[in-house]
Amino acid sequence: MGSVWSRGAENSDGLSFQSIAGLDSSTSSDPWWKGLKRTELPNPGTYENFSDEASQILRPLLFEGVQFNVTLPLSPIFSVGHMLEMGSAGKLPMYAFSANYLTNHLAMISRVDLTGRVHGRVFYSHTPSLTSKLQAEAGFEPHSSRFTYDLDHRGSDSSTQLKVGSGGIAAISYLQSITPRISLGGEVFYQGKNRFSGLTLAMKYASPTEIATVMASSFGPVIASYVRKVNSKVSLACELFWDSRSGDSLTTLGYRFDLRSATVIGQIDTNGRVAATVEEKLNPGLSFLLSAEVDHVKKKYTFGYGLNIGQ
2 MGSVWSRGAE
12 NSDGLSFQSI
22 AGLDSSTSSD
32 PWWKGLKRTE
42 LPNPGTYENF
52 SDEASQILRP
62 LLFEGVQFNV
72 TLPLSPIFSV
82 GHMLEMGSAG
92 KLPMYAFSAN
102 YLTNHLAMIS
112 RVDLTGRVHG
122 RVFYSHTPSL
132 TSKLQAEAGF
142 EPHSSRFTYD
152 LDHRGSDSST
162 QLKVGSGGIA
172 AISYLQSITP
182 RISLGGEVFY
192 QGKNRFSGLT
202 LAMKYASPTE
212 IATVMASSFG
222 PVIASYVRKV
232 NSKVSLACEL
242 FWDSRSGDSL
252 TTLGYRFDLR
262 SATVIGQIDT
272 NGRVAATVEE
282 KLNPGLSFLL
292 SAEVDHVKKK
302 YTFGYGLNIG
312 Q
């Protein structure tokens with residue numbers, strides 16, 4: 002559903018705010034961003050989604066028990082949904098209702114469950130390069146309500162994000178393409194509630210068949226990932242996590258197979274955890290889901306199956 006609202010932001014017409022000094026002599030009736038210069042380097046994506054390609058393989062969406070998701074479009078821009086989960090060990094059955102309003106410039110996504118907890122997200126494209134994102138949730142438990150607001154700017158060859166949130170959270174990140182395949186960036190953040198601040202630095206290499214990232218933080222963790230697209234149907238990934246302060250480390254390997262009517266994602270790590278998901282597309286708008294996880298160290302075994310109905 003996010004692909005509908007993001008068309009305006011992601012299909013940027015390649016304008017760079019850094020070159021504002023080089024405005025063209027556009028007519029006064031033209032939007033001001035039409036006069037900004039272009040660069041030949043690609044947009045590197047957002048710092049927040051820096052290693053999404055690896056995460057989509059190494060962190061599959063797992064669930065336990067039975068899950069049913071139904072999405073009912075009531076108009077081209079409005080839809081409602083129902084989600085039911087049951088059979089999970091130690092958890093009561095859960096039902097949630099969702100309502101979504103999606104246009105090219107505005108998206109409002111909401112969900113409420115039987116406990117009365119409400120989740121909401123609003124996305125708004127101010128210009129082809131500037132997008133606001135507001136996320137909030139509220140419940141009856143003390144101190145359970147929170148929100149975050151993000152302002153994203155996508156230049157032709159860079160991305161900047163400003164974030165503020167409850168608990169005194171403030172962060173700013175920047176990602177810049179320096180060659181057609183290499184980008185560098187960093188983030189500075191502060192958590193007022195915990196009086197904690199930090200700095201992260203990152204580098205990314207991206208080609209049509211390979212993506213490699215490395216991220217280091219001032220508070221210990223160093224994360225490196227690598228994704229190899231073997232062909233149009235097979236992708237492999239690995240990730241190395243190391244905490245320079247505690248000495249803890251974790252290596253994760255994963256795979257993704259995009260078959261004719263199914264998608265298979267699996268992973269294994271050095272903690273003895275093995276997991277996999279399967280999505281079989283039975284018909285347009287109808288998918289069968291399987292999820293399994295085995296944690297040999299904790300002796301925990303989970304299995305789930307479900308159905309997705311609707312787009």
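Sequential numbering from 2 applies to the sequence shown in our numbering.
Built from N, CA and C at the ideal position, the CB exists for glycine as well.
Which residues does DSSP list as the beta-bridge partners of Ile-224?
Met-216 and Phe-242
* Counting only the same chain and skipping the five closest in sequence on each side, list residues whose C-beta sits under 6 Å from that of Val-119. => Val-113 and Ala-139
query = Among Ser-159, Ser-245, Gly-187 and His-106, which one has its Cα closest to the Cα of Ala-172?
reply = The residue with the shortest Cα to Cα distance from Ala-172 is Gly-187.
Tell me whether Asp-158 sits in a helix, a strand or coil according to DSSP, three-state version.
Reduced to three states, the DSSP call for Asp-158 is coil.
- Task: Give every residue of the same chain whose Cβ lies closer than 8 Å to the Cβ of Lys-300, excluding the five residues on either side of it in the sequence, and list them in chain order.
- Result: none
**Request:** Select from Val-223, Leu-107, Lys-164 and Thr-104 the residue whose C-alpha is nearest the C-alpha of Tyr-191.
**Result:** When only C-alpha atoms are compared, the closest one is Lys-164.
When the Cα of Leu-241 is compared with those of Ser-130, Val-215 and Asp-158, which residue comes out closest? Val-215
Distance CB(Ala-228)-CB(Ala-55) smaller than 8 Å: Position check: residue 228 holds Val in this sequence, whereas Ala was assumed. Yes, Cβ-Cβ distance for Val-228 and Ala-55 is below 8 Å.
Review point. Is the Cβ-Cβ distance between Ile-224 and Val-71 less than 8 Å?
Key: no
Option nearest Val-289 by Cα separation, candidates Glu-142, Ala-100 and Tyr-306
It is worth fixing the name first, because residue 289 is Phe in this sequence and not Val. Out of Glu-142, Ala-100 and Tyr-306, Tyr-306 has the C-alpha closest to the C-alpha of Phe-289.
Exercise. State the DSSP-derived secondary structure class of Gly-255, mapped to helix, strand or coil.
Key: strand
What did DSSP end up calling Leu-63 once you bin it into helix, strand or coil?
-> coil
Q. Taking the Cβ atom as the reference point for each residue, do Ser-245 and Gly-221 lie within a distance shorter than 8 Å?
A. yes
Identify the residues that DSSP records as bridge partners of Arg-147: which are they? Glu-138
| said: Please report the distance separating the alpha-carbon of Ala-277 from that of Pro-143. | reply: 36 Å
query = What number of angstroms, rounded off, separates the C-alpha of Leu-115 from the C-alpha of Tyr-96?
reply = 6 Å
| Mind checking Gly-23: buried by the 16 CB within 10 Å criterion, or exposed? | Unreliable placement is indicated for Gly-23, whose pLDDT of 39 sits below 50; no coordinate value is reported for it.
Using C-beta distances below 8 Å, list every residue in its chain close to Ser-178, excluding the 5 sequence neighbours before and after it, in chain order. Leu-42, Pro-43, Asn-44, Pro-45, Asp-158, Ser-159 and Ser-184
In the DSSP assignment, the beta strand (DSSP E) including Glu-41 goes from what residue to what residue? Where Glu-41 is concerned, there is no enclosing beta strand (DSSP E), given that its DSSP letter is neither H nor E.
Please report the straight-line C-alpha distance between Arg-274 and Leu-237, rounded to a whole angstrom. Spanning the alpha carbons of Arg-274 and Leu-237 requires a straight line of approximately 17 Å.
Exercise for the section: Could you say which of Val-295, Pro-77, Gly-117 and Val-189 lies nearest to Phe-141 if we only look at CA atoms? Expected result: Gly-117
Exercise for the section: Determine the DSSP secondary structure at Asp-249, reduced to helix, strand or coil. Expected result: coil
| In this structure, does DSSP put Ala-263 in helix, strand or coil? | strand
- Query: With C-beta atoms as the reference, is Ser-145 less than 8 Å away from Gln-162?
  - Reply: no
Let me confirm a value: Ser-26 is counted as buried when at least 16 other C-beta atoms fall within 10 Å, else exposed. Which label applies?
Here Ser-26 scores only 44 on pLDDT, less than 50, and its place in the model should not be relied on; the value that follows carries that caveat. Counting Cβ neighbours within 10 Å, Ser-26 comes out exposed, since fewer than 16 surround it.
Original post:
Taking buried to mean at least 16 other C-beta atoms within 10 Å of its own C-beta, is Asn-101 buried or exposed?
Top reply: buried
Would you kindly check if the distance between the Cβ of Ser-133 and the Cβ of Arg-155 is under 8 Å?
no
Checklist entry - What residue range is occupied by the uninterrupted beta strand (DSSP E) comprising Val-298? => result Premise fails: Val-298 is in no beta strand (DSSP E) and is neither H nor E.
Is the CB-CB distance between Ile-110 and Tyr-256 below 8 Å? Not closer than 8 Å, so no.
- Thr-180 and Gly-166: beta carbons closer than 8 Å? no
In its own chain, which residues sit with a C-beta less than 6 Å from the C-beta of Val-265, not counting the 5 before and 5 after it?
-> Phe-258 and Val-279
Fill in: Gly-169 versus Lys-194, Ser-233, Leu-291 and Leu-152, residue with shortest Cα-Cα distance
Lys-194
Practice prompt. Determine which residues share a DSSP beta bridge with Gly-186 and list them.
Written response: Answer is Leu-176 and Ala-203, bridged to Gly-186.
- Message: With the cut-off set at 8 Å, would you say Glu-86 and Thr-303 are in Cβ contact?
- Response: no
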